[in-house]
Amino acid sequence: MLDTQIVSYGTDNPEELMDKFYKAGNEMLLTLRNYVVSPEKRKKPRTWGALEAAKMVKVSDPTFRKLLESNPNILGVINEESENGRKTKKYTLEAINALRDKAGTRYKRPKGSKALTIAISNLKGGVGKTETTVDLGKKIAIEGLKVLLLDFDAQGTATLISSGLIPDLELKYEDTITNVLISNPNSIESVILKTHFDGFDIIPANLAIQDCDLILPNEKENNHERLGSPFIRLTESLKIIKNQYDVILVDCGPNLGLLTLNAIIACDGIIIPIPPSMNDYSSFTMFTAALRNVFKELSSKKLEYLRILISKHSGSNEALQMENLMREQFGRYVLTNHMCETVEVPKAANEIGTIYDISKPRGSREAYRRALQHLDDVNMEIINNFKDIWDRQVKATQLSGDKHG
Ligand SMILES: Nc1ncnc2c1ncn2[C@@H]1O[C@H](COP(=O)(O)OP(=O)(O)OP(=O)(O)O)[C@@H](O)[C@H]1O
Ligand SMILES: [Mg+2]
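This is the structure we're talking about:
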C-alpha cells in the first residue's frame, strides 16, 4: 500500500481545517436557530396563560379579568391557538408587568437601596456558571425587576441562549464591551441589547472580548494615562448605568483573566456554582487561593453577598456525600437549595434557551415540573436574599441619617 493511501490521523493544514469547522459550525447554528427560534433572529417572548398570569400579578382571577377589561390597550396580550385549535388569550411578561403596575402589585426595590452587581464565577469550566446566570436573570425579570446580564466569556453562550443571536455571525466587534473597556467607558449604554424578556437586557459577547485580556494590560494601547487602571474599567462604566437596573449579573469565563478581575472588582457579590464532586471541590479550593490573593490587593473591598450554589446535583450517593461535606465546611455560605442535574436543561438549550423560555413540557410533565421547582427554589432564595440586602441598606441609611440629623 502506498503511503499516500494511508488516512492521516492529523492534518497538514490545521488553519484550513479549523476555518472549515468554524464556518460549518456557524452555519449549523444559524440553521438550528432559524428552525427553533425564528428567521427574524430574535426570540419571541414567552407567554403565560390567564391563571398563571393572575398569580404573577398577585390578584384573584375575577380581579385579573376586571383589570383587563379596564385596560384593553395593554401591549403583549396575544391570541394563541391551543392544541385543540381553540384561540386563547396569552400574556407576555410585558403585559403582566403592565398589569402589575396598574394593580400596584409590582415589587419595587426600596428607595435608598442600591442596584447589586453580582459576578457568577468559578475557575473551573462547565460547572453551570452560564446556566445559573441566565436562569437567575430571567427569574429576576419574571419577578418584575430590571436586570442586566454582562456576558464576560468569549464563548458567548450566555449571549446565544439569552438573545438567540449567533455571537460570531450576528454581532460585530463594536457590539461587545471590548471598546468600552479598552477606550471609552462612557459608551457602555451603546452596547446594551434588549431581549425578548421584558426587563432583561444583555451586553453580548463573542470572540472580540478576548482583546480585553490581550490589550488591557498594555499601557500604551489601552490608554492607562487617560483612563486609569485597567482593573477598574468596568467599575467606572457601570457607574453610568447602575441606576437603571436592580441587579447586574456578570457571567464570567472559567479563568481569572482581566475581564474576570474587572468583574470581581466591580461586584457587590459573588455566586460560585460548584457541582458536588471531588474534582470540582478540589478546583474550588484552588480558586479560593487565587481569590484570596486578589482580595489581598483590594484591602478595602467588602462583599455584600457571597454564596456557593451546589449545581448539577445528580442525586447519587457520592453527590450527597459531597454536598454534606460542602455544607459542613462552608456553612451558611452554601445556598439552602441546590440545582439538580436534569435533562430539561439540555432540552431547553437545544431550543436555544433555558427552562424559563419553555411554557410547556417537552418530555415528561413530571420531570419538567421538578426541574422548574428546583430552579425556582434556587432563584427565589437568591432574590429574597437580595431583597433583604436592599431592606438593610435602607435601614442603614436611615440610621446614619438619624445619627447626623
Ligand atoms: N442543572 C443542569 N442539569 C443538566 N445540565 C446542566 C445543568 N446546568 C448546566 N448544565 C449543562 O452543563 C454544561 C455546562 O454548563 P454551563 O455552560 O452553564 O457551565 P459554565 O460553568 O458556564 O461553563 P464554561 O466554564 O465553559 O463557561 C452545559 O452543557 C449545560 O447545558
Ligand atoms: Mg459559561
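Residue numbers (this note's numbering): 1036 to 1440.
In this text, a Cβ means the ideal position worked out from N, Cα and C, and glycines have one as well.
With fewer than 16 other beta carbons inside 10 angstroms of its own, isoleucine 1041 counts as exposed.
Here threonine 1168 really is in contact with leucine 1284; their C-beta atoms are around 5 Å apart, less than 8 Å. For the 8 Å CB-CB criterion, tryptophan 1083 and tyrosine 1126 form a contact.
Glutamate 1379 counts as buried, since at least 16 other C-beta atoms from the protein chains shown sit within 10 angstroms of its C-beta. Excluding the 5 residues flanking it on each side, valine 1282 has same chain C-beta neighbours closer than 7 Å at Ala1150, Leu1151, Ile1153, Ile1175, Leu1180, Val1182 and Phe1421, in chain order. If you compare the alpha carbons of Lys1124, Gly1172, Ile1307 and Ile1275 with that of asparagine 1290, the shortest gap goes to Ile1307.
Counted as a single uninterrupted DSSP element, the alpha helix (DSSP H) harbouring threonine 1323 occupies residues 1313–1332.
With a beta-carbon spacing of about 14 Å, isoleucine 1237 and aspartate 1170 fall beyond the 8 Å limit used to define contacts. Here DSSP, grouped into helix, strand and coil, assigns tyrosine 1368 to helix. In this structure, ligand 1 has no non-hydrogen atom nearer than 7 Å to the beta-carbon of threonine 1295.
Distance between glycine 1234 and proline 1252, taken at the CA atoms: about 34 Å.
Restricting attention to beta strand (DSSP E) runs no shorter than 3 residues, the region 1181–1221 encloses them at 1182–1187, ordered along the chain.
Going by beta carbons, serine 1197 and leucine 1184 fall inside the 8 Å limit. Inclusion of isoleucine 1343 and proline 1311 in the CB contact set at 8 Å is not warranted, their separation being larger than that value. Of the residues assessed, alanine 1088 falls on the buried side of the cut-off, its CB having 16 or more other CB atoms within 10 angstroms. For glycine 1304, the secondary structure class from DSSP, reduced to helix, strand or coil, is strand.
In this structure, isoleucine 1244 lies near threonine 1213, with their beta-carbon atoms less than 8 Å apart.
Between the beta-carbon of aspartate 1315 and that of lysine 1164 there is about 12 Å, and that puts the pair past the 8 Å contact cut.
Residue pairing of threonine 1127 in beta bridges, as defined by DSSP: Thr1082. Annotation for alanine 1383: the continuous alpha helix (DSSP H) segment containing it runs 1379–1385. A check of alpha carbon separations from aspartate 1412 across Gly1388, Met1374, Ile1113 and Ile1299 identifies Met1374 as the nearest.
Between ligand 1 and the CB of glutamate 1166, the shortest heavy atom gap is smaller than 7 Å. The residue from Ile1113, Val1162, Val1092 and Ile1155 with its alpha-carbon nearest to that of aspartate 1136 is Val1092.
Glutamine 1428 has its Cβ no nearer than 7 Å to any heavy atom of ligand 2.
Three or more beta-carbon pairs drawn from the region 1292–1306 and the region 1258–1278 are found closer than 8 Å, and the two stretches are therefore classed as touching. Distance from leucine 1134 to isoleucine 1113 at the Cβ level is roughly 14 Å; contact not present, criterion being Cβ atoms closer than 8 Å. Taken through DSSP and simplified to helix, strand or coil, lysine 1277 comes out as helix. A distance criterion of 7 Å places the beta-carbon of aspartate 1047 beyond contact range of ligand 2, judged by its closest non-hydrogen atom. With fewer than 16 neighbouring CB atoms inside 10 Å of its own CB, lysine 1146 falls in the exposed class.
Sequence-distant partners of threonine 1211 (beyond 5 residues in either direction) whose C-beta falls short of 7 Å from its own C-beta, in its chain, are Val1226, Pro1239, Ala1240, Asn1241, Ala1243 and Ile1244. In terms of side-chain proximity, the C-beta atom of glycine 1388 is found no nearer than 7 Å to any non-hydrogen atom of ligand 1. With 16 or more other Cβ atoms from the protein chains shown falling within 10 Å of its own Cβ, arginine 1068 counts as buried. Per DSSP, the continuous alpha helix (DSSP H) segment holding isoleucine 1175 begins and ends at 1164–1177.
Assigned with DSSP and collapsed to three states, tyrosine 1070 falls in helix. Distances from the CA of glycine 1111 to each of Ala1085, Glu1363 and Asn1119 were compared; the closest alpha carbon is that of Ala1085.
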